[in-house]
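See below for the structure under consideration.
Numbering (my numbering), first residue to last: 307 to 828.
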């Protein structure tokens with residue numbers, strides 16, 4: 307009788323355990339998950355075929371994602387916290403060569419009796435000084451000070467822990483495409499040399515180009531870099547038509563926001579449109595505004611390298627990135643018909659700032675990826691709060707790759723032809739951008755130009771970013787490494803292709819045969 311009871315209990319426990327495991331499995335089954343692509347189009351996983359897909363790492367619970375922004379985020383930073391030694395935790399599974407120069411965790415900072423900064427912090431203003439290269443570029447010239455230097459290690463640890471990513475199956479980039487045979491990705495293709503290809507505008511005739519992009523004016527002798535066109539793998543897109551784009555933009559206000567490389571895209575767009583209406587447009591260089599009066603079109607550029615606010619201590623010049631507050635000029639973005647954003651380049655150089663500000667506290671050290679993720683979430687919240695999707699279309703341009711090291715741009719006259727070539731610069735930041743866009747409720751179109759641009763080592767400004775650069779090298783007054791700008795691009799050049807794809811996304815937005823869904827490469 308005793309043995310029978312024991313056996314019955316064993317079977318009962320086994321059956322109960324099986325039920326619990328089954329319930330847990332059903333509760334976490336990914337079969338019903340949806341993939342949200344960036345034009346707010348949601349399709350079940352079963353609708354994708356033809357390509358293997360990576361397992362998508364779930365977004366971890368995060369105070370950055372789930373908390374409402376601190377109502378005091380626009381108030382001055384304070385330093386009332388006790389002195390704590392910061393510890394550094396890994397925040398990314400992906401190596402990033404451009405981010406390895408981050409400073410080690412700093413020693414504890416004494417913060418007792420720090421003053422209230424409510425009267426000492428002033429809104430930052432951005433300088434129009436044109437940087438000749440990201441290596442020599444000056445950050446926005448900002449005013450007033452931040453004296454608080456407190457470090458709260460517990461909050462840093464929470465933020466960095468929430469930035470941990472699940473390891474991926476592999477590191478190959480595999481596109482998520484729609485039904486095979488019906489759709490294609492306009493950002494996948496190859497560069498094709500065409501000796502008959504000519505630029506869409508004459509650099510000598512466009513009055514809007516800055517010195518950094520005016521390679522021909524600065525003495526670049528070759529023209530071959532202008533004869534490569536982007537050819538998409540599975541479909542064709544219409545050739546750029548400036549008149550048609552002007553009609554599509556008639557009566558609209560376009561706002562382009564970002565760093566000096568996005569400024570190059572702004573200059574490119576101005577030159578492309580100006581070529582169709584010479585003499586019928588105006589350009590306000592000081593305020594960075596292009597107007598096509600006959601089309602009632604205004605295109606504005608807002609120069610901000612980080613998107614978030616930068617505060618500068620008047621006394622010692624130390625800079626603090628206020629991660630939970632966008633730049634004050636964000637108010638000017640509202641009600642635009644088209645917005646084009648970018649950031650990322652300046653985040654890859656820790657020397658551009660000294661401290662991070664978050665929730666009225668100042669941190670002496672934080673993983674760059676963690677800080678960038680917080681800043682992107684701040685931007686995303688602004689978009690979701692302020693953008694009327696019935697009126698405004700939002701684009702985010704992917705990171706523009708520089709070429710240093712083995713694939714240095716100096717003396718390069720041909721693109722990289724190895725299609726397996728992968729640039730590691732900014733990879734973890736690129737992934738954070740894509741995760742942020744996927745998680746947004748507001749549809750944002752992703753101009754995923756990183757990979758197509760990484761082949762164009764030949765198209766950078768190099769030693770032709772300034773008029774004297776070429777002569778400094780030829781006369782051996784400076785080594786090429788100190789002169790060559792391998793971040794910015796010559797114009798005409800690669801940014802024209804970015805704008806061509808921007809135009810294509812407008813033209814083909816409702817096409818049934820060609821997908822302008824701006825797929826993420828994972």
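The beta carbon of each residue, even a glycine, is placed where N, CA and C say it ideally should be.
Quick caveat, the model's predicted, so the values are computed rather than measured.
Item                                                                                                                                                                                      : Value
Starting from residue 607, follow its DSSP beta bridges and name the residues at the other end.                                                                                           : 562
Suppose only complete runs of 3+ residues qualify. What are the beta strand (DSSP E) ranges in the segment 622–699, listed by chain order?                                                : 625–632, 644–647, 661–664, 667–669
Report the residue ranges of all beta strand (DSSP E) runs contained in full by the segment 762–814; include only those spanning at least 3 residues, in chain order.                     : 766–768, 791–795
Cutting at 8 Å between CB atoms, please list the residues of its own chain near residue 316, excluding the five before and the five after it.                                             : none
Within the continuous beta strand (DSSP E) that includes residue 538, where are the two ends?                                                                                             : 534–538
Among 698, 618, 730, 629, which residue has its Cα nearest to the Cα of residue 667?                                                                                                      : 629
Quick check: the Cα distance between residue 594 and residue 637, rounded to an integer number of angstroms?                                                                              : 17 Å
Quick one: grab the DSSP three-state call for residue 588.                                                                                                                                : strand
Would you give the residue range spanned by the alpha helix (DSSP H) that residue 745 belongs to?                                                                                         : 733–745
Which residues in the same chain as residue 533 place their Cβ atom closer than 7 Å to its Cβ, once the five residues preceding and following it in sequence are excluded?                : 499, 500, 501, 503
Can you tell me whether DSSP reads residue 620 as helix, strand or coil?                                                                                                                  : coil
Taking the CB atoms as reference points, tell me whether residue 788 and residue 700 lie closer together than 8 Å.                                                                        : no
Taking the continuous alpha helix (DSSP H) assigned at residue 757, which residues delimit it?                                                                                            : 756–760
From the DSSP output, read off the bridge partner residues of residue 615.                                                                                                                : 628
Could you name the residues of the same chain whose beta carbon sits closer than 6 Å to that of residue 716, not counting the 5 residues immediately before and after it, in chain order? : 768, 786, 790
Under the rule that 16 or more other beta-carbon atoms within 10 Å means buried, what is residue 319, buried or exposed?                                                                  : exposed
Residue 750 and residue 713 - do their beta-carbons sit closer together than 8 Å?                                                                                                         : no
Between residue 804 and residue 753, is the Cβ-Cβ spacing less than 8 Å?                                                                                                                  : yes
Any idea if residue 811 is buried or exposed, counting beta-carbon neighbours within 10 angstroms, 16 or more meaning buried?                                                             : buried
Identify the continuous alpha helix (DSSP H) that holds residue 301 and give its terminal residues.                                                                                       : The structure shown does not extend to residue 301, since the chain spans only 307 to 828, so no value can be given for it.
Output the distance between the C-alpha atoms of residue 689 and residue 748, rounded to the nearest integer angstrom.                                                                    : 7 Å
If you follow the beta strand (DSSP E) that residue 753 is part of, which residue opens it and which one closes it?                                                                       : 750–753
Below 8 Å on the Cβ atoms is my guess for residue 581 versus residue 507; work out the distance and round it to an integer in Å.                                                          : 4 Å
Taking C-alpha atoms, which residue in 809, 579, 565, 627 lies nearest to residue 657?                                                                                                    : 627
Which residue marks the beginning of the alpha helix (DSSP H) containing residue 549, and which one marks its end?                                                                        : 548–554
For residue 756, which residues from the same chain have a beta carbon less than 7 Å from its beta carbon, with the 5 sequence-adjacent residues on both sides left out?                  : 704, 705, 707, 736
Are the segment 541–548 and the segment 618–627 in contact at 8 Å, needing three or more beta carbon pairs?                                                                               : no
In terms of DSSP beta bridges, what is residue 496 paired with?                                                                                                                           : 537
What does DSSP give as the partner residue(s) for residue 701 in the beta ladder?                                                                                                         : 646, 751
Skipping 5 residues on each side, what residues in its chain have a beta carbon closer than 6 Å to that of residue 353?                                                                   : Its pLDDT being 34, under 50, residue 353 is placed unreliably by the model, and the measurement read from it follows with that caveat. If we look at residue 353 and ignore the five residues flanking it on each side, it has no Cβ neighbours.
What's the gap between the Cα of residue 814 and the Cα of residue 642?                                                                                                                   : 21 Å
Which residue from 784, 321, 651 puts its Cα closest to that of residue 709?                                                                                                              : 651
Please state whether the Cβ-Cβ distance between residue 672 and residue 742 is less than 8 Å.                                                                                             : no
For residue 770, count the other beta carbons within 10 Å of its own beta carbon; 16 or more makes it buried, fewer makes it exposed. Which is it?                                        : buried
Less than 8 Å separating the beta-carbons of residue 647 and residue 596?                                                                                                                 : no
Where does residue 725 fall in DSSP's three states?                                                                                                                                       : coil
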